[in-house]
Amino acid sequence: MTTDDAGQSKKPLAEDEVAFDYIKARDFRVVWADGAIGGVTPNGLIHLALYAERQAIPQRQVYAIEPIDATTGKLGKEVLAKRISRGSIVREMACDVFLTPQAAENLAKWIAAQLAELKKLQDTEV
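For the sequence shown, the residue numbers in the working numbering are 26 to 151.
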């Protein structure tokens, strides 16, 4: 019997088995996704860009200075009429994903299975 890098014992594989080891890439990160946008590429791949939605942050804010005495002041209220903002919802693009048609089908089935499992869990909680 052999061990892995963490010292865990590995049981030998049968002839009709294959093992998959999961290793995080150097640039692995967690991404929040509210949605995706994309389509079919000219090379026949499925492209999707994951995005997170949020309110636009102001590009500029102006605040009044409230005097404390003759030489000092403190930050007062924002002068809303002078705020510069996009006035929209921002979809911040997190990453692009390119999938072969087979990988896209497999991912769609996997997501559908996860949703079915979640629905079962939610139905049992009621």
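For glycine and all other residues, C-beta sits at the position ideal for the given N, C-alpha and C.
Just so it is clear, the structure is predicted and the values come from calculations on it, not from any experiment.
C-alpha gap between residue i and residue j, whole angstroms
i	j	result
Arg-108	Asp-94	27 Å
Arg-111	Gln-80	9 Å
Tyr-47	Leu-143	24 Å
Ile-76	Thr-66	The residue you asked about is not Ile; residue 76 is Tyr in the sequence shown. Those two C-alpha atoms are separated by around 19 Å.
Leu-100	Ser-113	27 Å
Ala-106	Ile-82	16 Å
Arg-54	Ala-119	10 Å
Leu-146	Ala-133	20 Å
Asp-148	Ala-141	10 Å
Val-56	Glu-42	32 Å
Arg-116	Gly-60	9 Å
Asn-68	Ile-136	24 Å
Ile-62	Asp-52	22 Å
Three-state secondary structure (DSSP) of residue i
i	result
Pro-52	Before going further, note that residue 52 is Asp rather than Pro in the sequence given. In this structure, Asp-52 counts as coil in the three-state DSSP scheme.
Ala-137	helix
Lys-36	coil
Ala-128	helix
Proximity test, residue i beta-carbon vs the ligand SAH heavy atom, cut-off 7 Å
i	result
Arg-79	The ligand SAH is absent from the structure shown, which contains no ligand whatsoever.
Cβ shell of residue i (< 6 Å), same chain only, five flanking positions each side left out
i	result
Leu-124	Ile-71
Glu-103	Gln-86 and Tyr-88
Cβ-based neighbour list, residue i, same chain, cut-off 7 Å, excluding 5 preceding and 5 following
i	result
Pro-152	One cannot answer for residue 152 here, as it falls past the ends of the chain, which runs 26 to 151.
Same chain, Cβ closer than 8 Å to residue i, five either side skipped, listed in chain order
i	result
Leu-38	Ala-44
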